[in-house]
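For reference, the structure discussed in these notes is given below.
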Amino acid sequence: MRKWATLIVAVIIVGGALIYFANSRGTTKDEATVENPPALAQGGSGDQSDNGSTVDPDGTSDAGDAGDAVSDGAGDGSTGQDAGQADDGKDSAATGGDSGQDPGTEAGEPAGGTSDNNDNNSDFVNTYDVEHVVSNPTSDTVLVNKTYRLPEGYVPPDLVYPDVAFTFSEKIDKRKMRKVAADALKELFDAAKQDGVYLAGVSGYRSESRQTTLYNNYVDRDGVKAADTYSARPGHSEHQTGLTIDVSGTDGKCAAESCFAGTKEANWLADHAYEYGFIIRYPEGKESITGYKYEPWHIRYVGKEIAEDVTKKDITLEQYFGSAVPVSK
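Residue numbers 0 to 328, in numbering that gives the first Met the number 0, belong to the letters of the sequence shown in order.
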């Protein structure tokens, strides 16, 4: 009897020891897990995706610019960049499009865009994220948009008052244009009159300081994101080239407004402007390329040859030049 009692006690002791040992190992493992939580110290919120990329919340862009006129002013694409600030560290051309031409060629030597470019809008990058200063701002064919800006403080060398009707009588800056454009505008207005269409200038040249005031006012009123849909940032407005003018009928109705589209004046410009060296700079359906909304009133002088090519191929100035845009920095 004593033998069996001793055996039972021994079994109990051994069993207790085994249970204690097992519990001790489990506790140690749990404590180790708490002390070294996997992935937390090495990953967490600071970890990036497999390719190391991060999402830029401001990477989107829309379209819109340049009517001065009633608004005196052209999408989305808030970049956090000061108005008119050039990113001098960017060396590559940004408008895309394979032109097959050396980007260092003189302004006015086209890349020869084709209508095929119309279906490939994604090739064109036209935002304030990448910025270049054009090297030949006095060229009749200078490209100015959200990517390409004029040199700081640029003033065209030969501004004159075109001998055409305007919607106002004062002889102020926005009545001016460069002489070559002013002469061509006179021919255009005279031809329209012969067809029973009476045009008037609304806004021509605009200085960088004037554009700065306008743009800042729009930002104060609507915010950067909204302002960029209808107003160009300083240095980026075509009006500063002296080669651009907003046009309306002599009654001034719908001047630089969307209701101008479809009017007899707008239709005449769309059909005949190229014959006098002008293009509709911001055509309908090209917003993602030009960077601006459709502006049927905004015409730009580029010379008859380029104007005819751009108009008949239904392309934009961005598509015409492709990446062959000479820049200084």
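Just so you know, even glycine gets a beta-carbon here, dropped at the ideal spot from N, CA and C.
As the structure is a prediction and not an experimental result, all values here were calculated from the model.
Residue i versus the options, residue with shortest Cα-Cα distance
{"i": "THR289", "options": "SER257, THR228 and ASP157", "result": "THR228"}
{"i": "LYS285", "options": "ASP313, GLY248 and GLY276", "result": "ASP313"}
{"i": "LYS303", "options": "LYS173, HIS271 and GLN318", "result": "HIS271"}
{"i": "ILE279", "options": "LEU316, ASP139 and SER287", "result": "LEU316"}
{"i": "ASP157", "options": "SER138, GLN193 and ASN144", "result": "SER138"}
{"i": "PRO161", "options": "GLU151, LEU213 and GLU186", "result": "GLU186"}
{"i": "VAL159", "options": "ALA181, LEU149 and CYS253", "result": "ALA181"}
{"i": "GLU207", "options": "GLN239, TYR197 and VAL223", "result": "GLN239"}
{"i": "GLN193", "options": "TRP267, ILE305 and VAL133", "result": "TRP267"}
{"i": "GLU307", "options": "LYS224, PHE165 and ALA269", "result": "ALA269"}
{"i": "PRO295", "options": "ASN125, SER287, GLN318 and GLY261", "result": "GLY261"}
{"i": "PHE165", "options": "LYS224, ASP245 and VAL132", "result": "ASP245"}
Beta-carbon proximity check, residue i vs residue j, cutoff 8 Å
{"i": "LYS175", "j": "GLY241", "result": "yes"}
{"i": "ASN199", "j": "THR249", "result": "Reading off the sequence shown, one finds Ala at residue 199, where the question assumed Asn. It is a contact, given that the beta carbons lie within the stated cut-off."}
{"i": "LYS252", "j": "VAL196", "result": "no"}
Integer Cβ distance of residue i from residue j, believed to fall under 8 Å
{"i": "SER247", "j": "VAL201", "result": "5 Å"}
{"i": "HIS297", "j": "TYR275", "result": "The Cβ separation is near 15 Å, so there is no contact."}
{"i": "TYR291", "j": "GLU283", "result": "That pair is no contact at about 11 Å."}
{"i": "LEU142", "j": "PHE320", "result": "6 Å"}
{"i": "LYS173", "j": "TYR127", "result": "With a Cβ gap of about 24 Å, LYS173 and TYR127 do not count as contacting."}
{"i": "ARG209", "j": "THR243", "result": "Actually they do not touch by this definition, with Cβ atoms about 14 Å apart."}
Through-space distance from residue j to residue i, alpha-carbon basis
{"i": "THR211", "j": "TYR217", "result": "10 Å"}
{"i": "MET167", "j": "VAL154", "result": "In the sequence on display, residue 167 carries Phe and not Met. Between PHE167 and VAL154, the C-alpha separation is close to 23 Å."}
{"i": "VAL309", "j": "ALA255", "result": "22 Å"}
{"i": "TYR273", "j": "VAL301", "result": "9 Å"}
{"i": "ASP189", "j": "VAL163", "result": "9 Å"}
{"i": "ALA183", "j": "ALA191", "result": "12 Å"}
{"i": "VAL179", "j": "GLY234", "result": "21 Å"}
{"i": "ASP221", "j": "ARG232", "result": "14 Å"}
{"i": "ALA226", "j": "TYR214", "result": "7 Å"}
{"i": "LYS329", "j": "GLU130", "result": "The question about residue 329 has no answer, for the chain in this structure spans 0 to 328."}
{"i": "SER257", "j": "TYR147", "result": "26 Å"}
{"i": "ALA85", "j": "GLY152", "result": "Note on ALA85: pLDDT 32, under 50, position unreliable in the model; no value is reported."}
{"i": "LYS311", "j": "PRO136", "result": "26 Å"}
{"i": "ASP219", "j": "ALA265", "result": "32 Å"}
{"i": "ARG177", "j": "LEU149", "result": "15 Å"}
{"i": "PHE337", "j": "SER134", "result": "Only positions 0 to 328 of the chain appear in this structure, which leaves residue 337 out of reach."}
{"i": "SER230", "j": "SER287", "result": "16 Å"}
Residue interval of the beta strand (DSSP E) (run including residue i)
{"i": "SER334", "result": "Beyond the ends of the chain as shown, which are 0 and 328, falls residue 334; an answer cannot be given."}
{"i": "THR243", "result": "243 to 248"}
{"i": "ALA164", "result": "Run containing ALA164: none; DSSP gives neither H nor E here."}
{"i": "SER202", "result": "198 to 202"}
{"i": "PHE277", "result": "277 to 281"}
Extent of the continuous alpha helix (DSSP H) run through residue i
{"i": "TYR319", "result": "316 to 320"}
{"i": "VAL179", "result": "178 to 193"}
{"i": "ALA265", "result": "263 to 271"}
{"i": "GLU304", "result": "303 to 312"}
{"i": "GLU286", "result": "286 to 289"}
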